[in-house]
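Participant: Sequential numbering from 22 applies to the sequence shown in this note's numbering. Let me begin by handing over the structure; questions about it come next.
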Amino acid sequence: MGRIKQSAEKLVTGFLRRAGVPEAQLHSRMRKTGRGLLLLSILFIVPLIILDHASLWAIILLQVIYGSLVCLGVLLAFDEENKTT
């Protein structure tokens, strides 16, 4: 999971740098981006709740988009806490 998180952070920081975000704000903006992805994922799960007779391909596509947005959002929004005892 560490490699996926590193590549996701690298991709998002690249986008943020191109957008002109200062280096000091990259970490906080990356966390805000992760929270935004979590909120955006709701838009893809609501049609699955509302629509009863959607096609199988539409259902699969919405579920895959929802799952990937939630995973990326969680990876970016939350820091791992290392416990030192």
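Beta carbons are placed, not taken as given, at the ideal position from N, Cα and C, and that holds for glycine.
#1: Going by other Cβ atoms of all chains shown within 10 Å of its Cβ, with 16 needed for buried, is ALA29 buried or exposed?
#2: Look at the alpha carbon of GLY94 and the alpha carbon of ARG52, and state the distance between them as a whole number of angstroms.
#3: To the nearest angstrom, how far is it from the Cα of ALA98 to the Cα of THR34?
#4: Beta carbon of VAL91, beta carbon of LEU59: below 8 Å?
#5: Quick check on LEU64: buried or exposed, where buried means 16 or more other Cβ atoms within 10 Å of its Cβ?
#6: Report yes if the C-beta distance between ILE80 and LEU96 is below 8 Å; otherwise report no.
#7: Taking only runs of the alpha helix (DSSP H) that begin and end inside the stretch 22-102, which ones reach a length of at least 4 residues, in chain order?
#8: In its own chain, which residues sit with a C-beta less than 6 Å from the C-beta of TYR87, not counting the 5 before and 5 after it?
Facilitator: On the basis of the supplied data:
#1: Counting Cβ neighbours within 10 Å, ALA29 comes out buried, since at least 16 surround it.
#2: 9 Å
#3: 13 Å
#4: In this structure, VAL91 sits near LEU59, with a CB-CB distance shorter than 8 Å.
#5: exposed
#6: Result no, Cβ atoms of ILE80 and LEU96 do not sit closer than 8 Å.
#7: 23-39, 47-71 and 77-98
#8: SER62, PHE65 and ILE66
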